[in-house]
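Residue numbers (the numbering used here): 408 to 539. Each residue gets a CB set at the ideal place from its N, CA and C atoms; glycine is no exception. For clarity, every value in this text was computed on a predicted model and none was experimentally measured. Below is one structure, written out as structure tokens; comments come after it.
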């Protein structure tokens with residue numbers, strides 16, 4: 408994991424761990440992570456856009472993109488896919504986006520499953536495993 412993401416990864420993990428155990432579900436954890444990422448993208452000076460579907464993508468939406476809307480045409484600068492494991496459909500959707508930073512965030516405590524799912528990752532994607 409790149410050093411620039413370590414602090415953010417720690418904050419995301421702490422956010423998930425703050426959810427009461429009896430209430431911890433995938434959607435709750437995913438929502439907590441996306442909420443933090445949304446704030447981080449806004450602090451980068453970009454416009455956060457949730458669940459954006461790339462024009463040429465046929466199925467999946469990208470969970471969060473950071474857009475530089477200052478130019479004539481809005482430009483995606485960063486894209487995030489957030490799931491317990493690396494999902495092939497999300498990896499395929501990320502391929503349709505041209506931007507410098509494409510990040511897949513996984514948050515499953517099952518390291519064996521996360522490790523197996525990283526098979527789908529490509530060199531263009533950076534992987535942040537919150538329970539690494």
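Secondary structure note for residue 484: its beta strand (DSSP E) is the uninterrupted segment 482-490. Residue 445 carries a helical assignment under DSSP once its states are collapsed to helix, strand and coil. In this structure, DSSP gives residue 460 a state outside helix and strand, which the three-state scheme calls coil. Its chain contains 440, 443 and 537 as the residues whose beta carbon lies nearer than 6 Å to that of residue 419, once the 5 sequence neighbours on both sides are disregarded; these appear in chain order. Restricted to the stretch 489-519, the beta strand (DSSP E) segments that are unbroken, complete and at least 3 residues in length are 508-513, listed in chain order. About 6 Å separates the beta carbons of residue 485 and residue 506, which is inside the 8 Å limit, making them a contact pair.
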